[in-house]
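Chemist: Pasting a structure here, questions to come.
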Amino acid sequence: MSPNSSEQSTVLGACPHDCPDTCSMRVSVKDGRVTGVQANPDHPFTRGRLCNKTSHYEERVYHPDRVLHPLRRVGPKGAGEFEQISWDEALSTIAERWKSIIEEDGPSAILPYSYLGTQGMVNGLTVGDPFFNQLGATISERTFCDSGASTAFVMSMGPTPSMDPESFVHSKFIILWACNMLSTNAHMWPFVDQARKNGAKLVVIDPAKTQVSGFADQHIRPRPGSDGALALAMMHVIINEGLVDQDYVNQHTVGYEELVPHIAQYTPEFAQAETGIDAEVIRTLAREYAASQPAAIRIGVAIERSAGGGQLVRALASLSALVGAWRQPGGGLLQLTLWAFPANWEKLHRADLIKPGTRVLNQWKLGAALCGELDLDPPIRSLFVYNSNPLVVAPNQLRLKEGLAREDLFTVVSEHFLTDSARYADIVLPATTQVEQLDLMFSWGHFYLTLNQPSIEPRGEAVSNAELFRRLAKTMGFTDAFFQRSDEQILKDSMDWNHPALQGITVELLKKQGYARLNLPPADQFAPHAQGNFPTPSGKLEIKASMAAGGNFVLPTFRQGSNDHQDGSPVPALPTYVAPRESGFDNPGQQSYPLAMMSPKSHAFLNSTYANHPRQTSNEGEQKIILHPIDAESRGIASNDIVRVFNDRGSFEAVARIGDKTIQGVVIAPMGHWVASSKAQATPAALNPTAFADLGCAPSFSDNRVEVGKV
Numbered sequence: 009m010s011p012n013s014s015e016q017s018t019v020l021g022a023c024p025h026d027c028p029d030t031c032s033m034r035v036s037v038k039d040g041r042v043t044g045v046q047a048n049p050d051h052p053f054t055r056g057r058l059c060n061k062t063s064h065y066e067e068r069v070y071h072p073d074r075v076l077h078p079l080r081r082v083g084p085k086g087a088g089e090f091e092q093i094s095w096d097e098a099l100s101t102i103a104e105r106w107k108s109i110i111e112e113d114g115p116s117a118i119l120p121y122s123y124l125g126t127q128g129m130v131n132g133l134t135v136g137d138p139f140f141n142q143l144g145a146t147i148s149e150r151t152f153c154d155s156g157a158s159t160a161f162v163m164s165m166g167p168t169p170s171m172d173p174e175s176f177v178h179s180k181f182i183i184l185w186a187c188n189m190l191s192t193n194a195h196m197w198p199f200v201d202q203a204r205k206n207g208a209k210l211v212v213i214d215p216a217k218t219q220v221s222g223f224a225d226q227h228i229r230p231r232p233g234s235d236g237a238l239a240l241a242m243m244h245v246i247i248n249e250g251l252v253d254q255d256y257v258n259q260h261t262v263g264y265e266e267l268v269p270h271i272a273q274y275t276p277e278f279a280q281a282e283t284g285i286d287a288e289v290i291r292t293l294a295r296e297y298a299a300s301q302p303a304a305i306r307i308g309v310a311i312e313r314s315a316g317g318g319q320l321v322r323a324l325a326s327l328s329a330l331v332g333a334w335r336q337p338g339g340g341l342l343q344l345t346l347w348a349f350p351a352n353w354e355k356l357h358r359a360d361l362i363k364p365g366t367r368v369l370n371q372w373k374l375g376a377a378l379c380g381e382l383d384l385d386p387p388i389r390s391l392f393v394y395n396s397n398p399l400v401v402a403p404n405q406l407r408l409k410e411g412l413a414r415e416d417l418f419t420v421v422s423e424h425f426l427t428d429s430a431r432y433a434d435i436v437l438p439a440t441t442q443v444e445q446l447d448l449m450f451s452w453g454h455f456y457l458t459l460n461q462p463s464i465e466p467r468g469e470a471v472s473n474a475e476l477f478r479r480l481a482k483t484m485g486f487t488d489a490f491f492q493r494s495d496e497q498i499l500k501d502s503m504d505w506n507h508p509a510l511q512g513i514t515v516e517l518l519k520k521q522g523y524a525r526l527n528l529p530p531a532d533q534f535a536p537h538a539q540g541n542f543p544t545p546s547g548k549l550e551i552k553a554s555m556a557a558g559g560n561f562v563l564p565t566f567r568q569g570s571n572d573h574q575d576g577s578p579v580p581a582l583p584t585y586v587a588p589r590e591s592g593f594d595n596p597g598q599q600s601y602p603l604a605m606m607s608p609k610s611h612a613f614l615n616s617t618y619a620n621h622p623r624q625t626s627n628e629g630e631q632k633i634i635l636h637p638i639d640a641e642s643r644g645i646a647s648n649d650i651v652r653v654f655n656d657r658g659s660f661e662a663v664a665r666i667g668d669k670t671i672q673g674v675v676i677a678p679m680g681h682w683v684a685s686s687k688a689q690a691t692p693a694a695l696n697p698t699a700f701a702d703l704g705c706a707p708s709f710s711d712n713r714v715e716v717g718k719v
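In structure tokens form, the structure reads like this:
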């Protein structure tokens, strides 16, 4: 049925957001207008439920502040003052400015900046890469999320989907490690809950009390960034108490003989000093984990966000092998299921178009780059932002503000709204929402491929990201037919449809059904590493990682990693504890900033998305921090006081909440609020460090010391 039909219709769609659940949706349409968005009740994983962010997605489509036409700045940068212009005028302005910049300084003076504001294969992470690679712009290295964990995971196990999330119903012991599942992976919870009802023990490891920790049989609360010591101490107990599945280790791992003497230093007492967790609790956890097979560990994104996050993931991978967890469905370690999707990543981002010597700039350094702190030659003279809101998600917020305010920086932002970043743009371009565009959705949390079909025509003059780059390519004179492919052709090119995992799955099937499970064994039979068969150089789980021996390597998707630590030292061959740089608890009273700050995702927002929606802001409330009662009392802070949180990188103001949701010495400051609507025009990103974690240039914003005082 046509999107313009006057009859009531239902269109099959998919959630566009950077979330592991990738829900199948049904969009109700009448008279060319979306009247409601519901979950698809037929989907075996998302099971007819949407989260509170997308259950009213039509409010996003018809939000009164939505950008529907190209805009040109008429006021000071940051003021959000614009006038409407035509697409022709917007494109000609961009082309004129870029051609002038290229003539004067070369194309590397232009920097694209994007992430996963939409996650699809057509309009998501890689949509602009071919254009900017052809242009010769500075490469924007994206390592915000899971890059460190992915690097460590591949070093240990290779690019394997490892576990089917649905197989957790068969687990007898489950650890949710840095994973607030009910908030960030809610559709996996029924499988974990069923395992609990079947008798499985559920352990949550997280410094904070979360929604999911309330359902746990045991909640273990290590100090931020100390988790590696806990994992290594568990290995110590398992090895020294003879709890190793020696047959599995001998046949399917590399490096066990070297591990045994190496692990001797990581006693439970050592871990107690680092984590604050009693040594006997650690011993009991290790014994129960080893004895209760199949045992499963689900890791969350937050696991990598401290100095030793990569080494922690390597330790957990090794733990799973030591106890033979892989022998049965429901056993092992689950990180990203996206490794199962046969995507044509190379064809999507066209690295072959990159010219030798092209500059690479990590997105984590945006503030420093725009302010001249990196001494770039040439400097960044134009910034093009899409699928992201860097002023809220990137660190060094104060310097980033200063950089965006440069009058000589030509900034273009493609967006739904005038976000904090868009308010600094010279040109703002209107982007379609998910119900107005075609896309194909992979998932990093289940094994279903989902098609999103457009439900209505684009509102106003909004265009999809794919159409945006078609227009830019034509305007810049790119003649290769590759740059004029339709959305449908990009969709077809995005997957290797001849791959065994896609056997029996076609675009026609997806149009009819909305989704299809990859052609993989069912959950009760999914144990791909029961007999080893890890996609590593050795074919085994590498406790001693061959990738740590020399040379950089490229992960087999869009994430790049290095086997060197950020300080240039080589990555240790065996999993090794890396202590927090800032958030350690040695003599905290003698430090200028005695509190560790964690900035988890807000429950009502998705990064900064929805932070301008009344329904979500009402649910979330204004920016808050959570303090332990002892820390609050020593500072004379009461609940609901307005406080200033600060370190030498910046400050923000928030409402104080007091309670045991945090441990002593730790401040929790949920992220996602916009700068323009925040007290003192700053958010927790103002305090985040720019230092990378140990692997994959991962961010380390949970390795962050602060102080708190009343305003």
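Take the sequence shown: its letter number 475 is residue 483 in the numbering used here, and every next letter is one higher.
For glycine and all other residues, C-beta sits at the position ideal for the given N, C-alpha and C.
Helix, strand or coil: how does DSSP classify T544 here?
Modeler: If DSSP states are grouped into helix, strand and coil, T544 belongs with coil.
Chemist: Mapping the DSSP letters down to three states, classify R493 as helix, strand or coil.
Modeler: R493: coil per DSSP, three-state reduction.
Chemist: Should Y121 and S396 be called a contact, given that it needs their Cβ atoms to be closer than 9 Å?
Modeler: Taking 9 Å as the Cβ cut-off, Y121 and S396 qualify as a contacting pair.
Chemist: Just to check my reading of the structure: R389 and A117 have Cβ atoms closer than 8 Å, yes? What is that Cβ distance to the nearest angstrom?
Modeler: About 4 Å; that satisfies the 8 Å criterion.
Chemist: Identify which residue in F392, V211 and A333 has its Cα closest to the Cα of L437.
Modeler: Selected option, being the one with the closest Cα: F392.
Chemist: Considering only residues of the segment 30 to 116, which uninterrupted alpha helix (DSSP H) runs meet the minimum length of 4 residues and lie entirely inside it, listed in chain order?
Modeler: List check, alpha helix (DSSP H) in window: 66 to 69 and 95 to 113.
Chemist: Unbroken alpha helix (DSSP H) runs of length 4 or more, entirely within the segment 163 to 242: which are they?
Modeler: Counting only runs of 4 or more, we get 189 to 192 and 197 to 205.
Chemist: If you draw a straight line from the C-alpha of L563 to the C-alpha of R335, how long is it?
Modeler: Low local confidence applies: a pLDDT of 40 at L563 is under 50, so the model's placement there is unreliable, and no value is given.
Chemist: Identify whether D3 lies in helix, strand or coil by the three-state DSSP scheme.
Modeler: Shown here, the chain extends from 9 to 719; a query on residue 3 therefore has no answer.
Chemist: Apart from the five residues on each side of it in sequence, which residues of its chain come closer than 6 Å, Cβ to Cβ, to L412?
Modeler: Only Y432 meet the Cβ criterion.
Chemist: Please report how far the alpha carbon of S708 lies from the alpha carbon of E249, in whole angstroms.
Modeler: In a straight line, the C-alpha of S708 is about 34 Å away from that of E249.
Chemist: Is G485 buried or exposed, if buried means 16 or more other CB atoms sit within 10 Å of its CB?
Modeler: Exposed: under 16 other Cβ atoms inside 10 Å.
Chemist: Please determine, among D253, N615, F90 and A304, the residue with the shortest C-alpha to C-alpha distance to R204.
Modeler: Considering only alpha carbons, the answer is A304.
Chemist: S607 and A701 look like a contact to me (Cβ under 8 Å); what is the Cβ gap, rounded to whole Å?
Modeler: Contact flag wrong, Cβ pair sits at about 15 Å.
Chemist: Note down the Cα distance separating V162 from G40, rounded to an integer number of angstroms.
Modeler: Taking the straight line joining both Cα atoms gives about 46 Å.
Chemist: Is DSSP giving L133 helix, strand or coil here?
Modeler: In the structure shown, L133 sits in coil (DSSP, three-state: anything other than H, G, I, E or B).
Chemist: Comparing C-alpha positions only, which one of T18, G44, T30 and S600 sits nearest to L448?
Modeler: Looking at the Cα atoms, T30 is the closest of the given residues.
Chemist: In the segment 305 to 354, which residue ranges form an unbroken alpha helix (DSSP H) of at least 4 residues, counting only runs that do not cross its ends?
Modeler: You should have 317 to 330.
Chemist: Alpha carbon to alpha carbon, how far is L79 from S94?
Modeler: Rounded to the nearest angstrom, the two C-alpha atoms are 8 Å apart.
Chemist: Who are the Cβ neighbours of W347 in its own chain at under 6 Å, not counting the five residues just before and after it?
Modeler: So the list reads P167, T168 and P169, once near-sequence residues are dropped.
Chemist: For H77 and Q442, what's the separation of their Cα atoms in angstroms?
Modeler: Computed Cα separation, rounded: 17 Å.
Chemist: Consult DSSP for P720 and reduce its assignment to one of helix, strand or coil.
Modeler: No information on residue 720 is available, as it lies outside the stretch 9 to 719 that the chain covers here.
Chemist: If we ignore side chains and look at the alpha-carbon of each, how far apart do A481 and Q492 end up?
Modeler: One C-alpha to the other measures close to 8 Å.
Chemist: May I have a chain-ordered list of the alpha helix (DSSP H) segments no shorter than 4 residues that lie completely inside the segment 353 to 417?
Modeler: Counting whole runs of 4 or more residues, the segment 353 to 417 contains the alpha helix (DSSP H) stretches 353 to 357, 374 to 378, 398 to 401 and 405 to 412.
Chemist: Report the three-state DSSP secondary structure of M484 (helix, strand or coil).
Modeler: Residue state, collapsed to three classes: coil.
Chemist: Helix, strand or coil: how does DSSP classify P438 here?
Modeler: P438 falls in the strand class under three-state DSSP.
Chemist: May I ask which residues mark the beginning and end of the alpha helix (DSSP H) holding Y264?
Modeler: Element bounds for Y264: Y264 to I271.
Chemist: So, is N206 buried or exposed, given that buried needs 16 or more other C-beta atoms within 10 angstroms?
Modeler: Classification for N206: exposed.
Chemist: Assign P529 to buried or exposed, taking buried as 16 or more other Cβ atoms, counted over all protein chains shown, within 10 Å of its Cβ.
Modeler: By the 10 Å Cβ count, P529 comes out exposed.
Chemist: Closer than 8 Å by C-beta to E277: which residues in its own chain qualify, once you throw out the five before and the five after it? Chain order, please.
Modeler: A287.
Chemist: So if DSSP puts S686 in a beta bridge, which residue, or which two residues, is it bridged to?
Modeler: None; S686 has no bridge partner.
Chemist: Verify whether the separation of the beta carbon atoms of S234 and G156 is less than 9 Å.
Modeler: Their beta carbons are not under 9 Å apart, which means S234 does not touch G156 by this criterion.
Chemist: Could you check where the beta strand (DSSP E) with Y256 kicks off and where it finishes?
Modeler: Per DSSP, Y256 belongs to no beta strand (DSSP E); it is in the alpha helix (DSSP H), Q254 to H260.
Chemist: Tell whether a beta-carbon distance below 9 Å holds between Q533 and P337.
Modeler: Yes.
Chemist: Quick one: what does DSSP say K519 is sitting in, helix, strand or coil?
Modeler: K519: helix per DSSP, three-state reduction.
Chemist: Once you ignore the five residues that flank L143 on each side, which residues in its own chain have a CB closer than 6 Å to its CB?
Modeler: Cβ neighbours of L143 beyond the five flanking positions: P115.
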